[in-house]
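Using my numbering, you'd call the opening residue of the sequence shown number 707 and step up by one each time.
Where is the CB? At the ideal position from N, CA and C, for every residue including glycine.
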Amino acid sequence: MPHTIFLDDINQHLVSLTDFRRNAGRYVDKLPQQGPLTILRGSKVVAHLIPPV
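Below is the structure:
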């Protein structure tokens, strides 16, 4: 089961908190290209990351 789910219909990327902790640098580096990122713990949203303007 993938840790990252891409919902292109709503332009939102969901990432598990555990996967984000392990790969934070990679996610932050790709943020400008990927767009907003939502971090989840279970089914609860714990953070939204938005690319810099």
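Decide if His719 is buried, meaning its Cβ has at least 16 other Cβ atoms within 10 Å, or exposed. By 1-based counting over the sequence shown, the position of residue 719 is 13. By the neighbour-count rule (16 or more Cβ atoms within 10 Å), His719 is buried.
- Query: What does DSSP give as the partner residues of Ile745 in its beta bridges?
  - Reply: Indexing the sequence shown from 1 puts residue 745 at position 39. DSSP output for Ile745 lists Val721, Ala753 as bridge partner(s).
Taking Leu723 as the reference, give the member of Pro757, Val759, Ile756, Thr744 with the closest Cα. Taking the sequence shown and counting its residues from 1, one reaches residue 723 at position 17. Nearest C-alpha to Leu723: Thr744.
**Message:** Which same chain residues end up closer than 8 Å to His754 when comparing Cβ atoms and leaving out the 5 residues on each side of it in sequence?
**Reply:** If you number the sequence shown from 1, residue 754 lands on position 48. Taken in chain order, the residues that qualify are Pro742, Leu743, Thr744, Ile745.
Review point. What is the DSSP secondary structure of Pro758, counted as helix, strand or coil?
Key: Here residue 758 is taken as the residue at index 52 of the sequence shown, counted from 1. Here Pro758 sits in coil by DSSP.
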